[in-house]
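Residue numbers (this note's numbering): 66 to 279. Every residue gets a Cβ at the ideal spot worked out from N, C-alpha and C, and that includes glycine. Everything below concerns the one structure shown next.
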């Protein structure tokens, strides 16, 4: 497989070959290929595999802690690369901009992730911080988790982002209370919370657009 990579490029590898390489390709054995094919089949391809937790991976026969960690690190590296590219691009001008940048990272996850982005006076991202990670139906988050990195940055304003694994971005009562708490904390600290955006499956909810932050 090494020869193929250098002759044809990494993009020439199939999904099975990519995963097999991460698992530890051994040209004298087909076990990595069989295991890679099993993983892709079990989780619905690359998209499904990429949103698995490390514990989902360990549950698969043949995947120990080391292999599970390698896969988890590889997919997390990809997510961070996508976020880094977004962070260094155009300013945030609308909820659409936020959705377009973070939907590929959060849209298909099976757990809630709460991210805060800090913006400078020109609305460019100067900070992206994963403040909390929760279960399928809750994500514990405090104002301190959100604003401590913003103060150190420093950021002029912030946008709150989290996902709903159900795919439905409509806010829960807890989401509404959380938004109010964060807005009040931001006022005290001099960091304006511009919006709170919930990302679902192919759509999103903006508290700002809904008028809930006026």
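For residue 266 and residue 234, the gap between their C-alpha atoms comes out near 8 Å.
Only residues of its own chain outside the window of five on either side were considered, and among them 129, 130 and 133 have a CB closer than 8 Å to the CB of residue 123, listed in chain order. The region 158-214 is shown to contain whole beta strand (DSSP E) runs of 3 or more residues at 178-184 and 190-198, in chain order. Nearest to residue 226 by alpha-carbon distance, out of 251, 263 and 113, is 263. Distance between residue 189 and residue 84, taken at the CA atoms: about 35 Å.
In the structure shown, residue 75 adopts helical secondary structure according to DSSP, grouped into three states. Its chain contains 179, 196, 197 and 243 as the residues whose beta carbon lies nearer than 7 Å to that of residue 206, once the 5 sequence neighbours on both sides are disregarded; these appear in chain order. Of the residues assessed, residue 161 falls on the exposed side of the cut-off, its CB having fewer than 16 other CB atoms within 10 angstroms.
Taking C-beta atoms as the reference points, residue 211 and residue 182 fail to come closer than 8 Å. As a beta-bridge residue in DSSP terms, residue 223 pairs with 183 and 258. Membership of residue 107 in the alpha helix (DSSP H) is indicated by the continuous run 96-108. Judged by DSSP in its simplified three-state form, residue 118 adopts coil rather than helix or strand.
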